[in-house]
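Data first, discussion second: the structure below is written as structure tokens.
Residue numbers (this note's numbering): 4 to 597.
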């Protein structure tokens, strides 16, 4: 019979510890120490209490815990000495039914892994949704993680141990993240659509107004109708707009959403999570026959990434009245103009129709956006949610250092005008200067030596410069220092320099009242509150120009990687996110009752 939190909170310590037995492999001390933090108001609070115990236990205790785990498809499985929990998990993943070739390969991986790291490979084989990973996924993950540094891999093992414990705890309490699983499945269903050349390779790519893009729009619109939205349409730029009416016709609306296009060979959750989470909330409201004192307008923005055309934030820009007319004449790689692509998709492709999409800010309470973090912070802190304080200000440059190409063997080191070395010196300075701020970042993401040769001192070096910081002032100071250092380096080395600013975006600080609502929502779930800036740009940046906005981040797995097929999150975290969004709606409803 499932345990309840009330039973756990009231039970004597020994009895409560017995209730939690088996969560951590041969390591009951973690749950026992966590029980000192009773009473727990939610499963999320209990889970984090155990995370905290292990985080403070020290490296020796952490290594002992890792080494208490069996190898995957290892000796303990063969001689049937696995715990009941491990047996169940490895069986679900098909590891007890390997072919001889699969078994031999896994044994080889186990040997290589143990030789490198000195502890067994740990993987939550029931996966992000709790239903089990395929053997091919397990083997691919095993091979990939062999390349990690030792300290990083130890931390990754601990994160997987916590995920294993989370799933086991759910089983003990008879809890299933039903809504989170549903939202997870919506992502899987939408990921069926991909542009043809990428689909053939099993990659996810959905660029503006391709057949796959239009199929995604149709799927999202159909899903919105199933969820109970009163009005659903695809607008003049391809945004999918769903509106759930408020209690009165004159009620203002909460605007929310994110984008459904992707980068090339991207992940399933970037953008789309911010569409599906509020849709799940509307589905709850509709099922309960509940109307709020305000309407909810969810927008699946058609274009944010700027992959097919150089038109980033096209979808959200259209809503704020910032659609660039020149975009219509842009051509893609095949020479198709945006205007022609719109017409092929059945859109009007006129500035009049696009201009009519501009929202009147006074009709809205504000804009909120949910997004996968796209970074490692929440993952490393073992936190499911983070409240965004500001979207970073940014500036980008394309630059070229111009020296003198000369013979690598005959040009003395003190007489070289090496363009690449000048940029390398700048890269090290930029790294140190940004780190000194604590929350600024500086990146030289492109570095090319045109016509370079192994035996020629580089005469030219083209490079990019991407600078970001939480405030405009901090970005400007970072920019000023790095450009000054770049000029000084070039002057000292006798290097010419050209710089071209290609993008500048102001910071978008969260509106204090909206940030507070997200903070209240997270705290109400029993999850520790963590405030953080967003280093990436989001549709909320555009809406920030016309109305108050605030964002909520959801933890990403695999070091928080994004714009990558490895992008992932769990259905448990999705469930928490939906609950946080529902709590925000409840707060708004209370505020607007009268």
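Cβ coordinates follow ideal geometry from the N, Cα and C atoms, glycine included.
If you're wondering where the values come from, they're calculated on a predicted model, not measured in any experiment.
Would you please state the rounded distance, in angstroms, between the beta carbons of residue i and residue j? I believe it to be under 8 Å.
i           : j           : result
residue 388 : residue 579 : 6 Å
residue 316 : residue 596 : That belief does not hold up - the Cβ atoms of residue 316 and residue 596 are roughly 35 Å apart, past 8 Å.
residue 171 : residue 88  : 6 Å
residue 26  : residue 168 : 4 Å
residue 473 : residue 393 : 5 Å
residue 510 : residue 475 : 5 Å
residue 311 : residue 211 : 5 Å
residue 16  : residue 38  : 6 Å
Any idea what DSSP makes of residue i, helix, strand or coil?
i           : result
residue 211 : coil
residue 433 : helix
residue 450 : strand
residue 6   : coil
residue 333 : coil
residue 364 : helix
residue 466 : strand
residue 236 : strand
residue 300 : strand
residue 505 : strand
residue 377 : coil
residue 564 : coil
residue 116 : helix
residue 535 : strand
residue 310 : coil
residue 554 : strand
residue 246 : strand
residue 409 : strand
residue 101 : coil
residue 125 : coil
residue 370 : strand
residue 147 : helix
residue 259 : strand
residue 474 : coil
residue 397 : strand
residue 573 : coil
residue 388 : strand
residue 254 : coil
residue 512 : strand
residue 183 : helix
With a threshold of 6 Å on Cβ separation, who are the neighbours of residue i within its own chain once the five nearest residues in sequence on each side are excluded?
i           : result
residue 350 : 239
residue 432 : 488
residue 416 : none
residue 352 : 342, 345 and 346
residue 42  : 12
Confirm, please, whether the CB-CB distance from residue j to residue i is below 8 Å.
i           : j           : result
residue 164 : residue 68  : yes
residue 40  : residue 52  : yes
residue 497 : residue 420 : yes
residue 537 : residue 382 : no
residue 298 : residue 256 : yes
residue 435 : residue 565 : no
residue 245 : residue 220 : no
residue 70  : residue 123 : yes
residue 276 : residue 410 : no
residue 533 : residue 331 : no
residue 192 : residue 222 : yes
residue 135 : residue 380 : no
residue 427 : residue 524 : no
Decide if residue i is buried, meaning its Cβ has at least 16 other Cβ atoms within 10 Å, or exposed.
i           : result
residue 561 : buried
residue 286 : buried
residue 44  : exposed
residue 155 : exposed
residue 227 : buried
residue 271 : buried
residue 208 : buried
residue 111 : exposed
residue 530 : buried
residue 458 : exposed
residue 504 : exposed
residue 334 : exposed
residue 147 : exposed
Report all residues from its chain with a CB closer than 7 Å to the CB of residue i; omit the five preceding and five following residues, and keep chain order.
i           : result
residue 470 : 397, 398, 445, 478, 481, 482 and 485
residue 105 : 138
residue 292 : none
residue 278 : 223, 260, 261, 263, 301 and 303
For residue i, I'd like the list of residues in its chain whose CB is within less than 8 Å of its CB, leaving aside the five on either flank, ordered along the chain.
i           : result
residue 517 : 369, 371, 551, 552 and 553
residue 108 : 142
residue 574 : 131, 132, 133, 180, 183, 184, 186 and 187
Under the criterion of a Cβ to heavy atom distance below 7 Å, does residue i qualify as lining the ligand ATP?
i           : result
residue 401 : Annotation note on the ligand ATP: not contained in the displayed structure, which lists no ligands.
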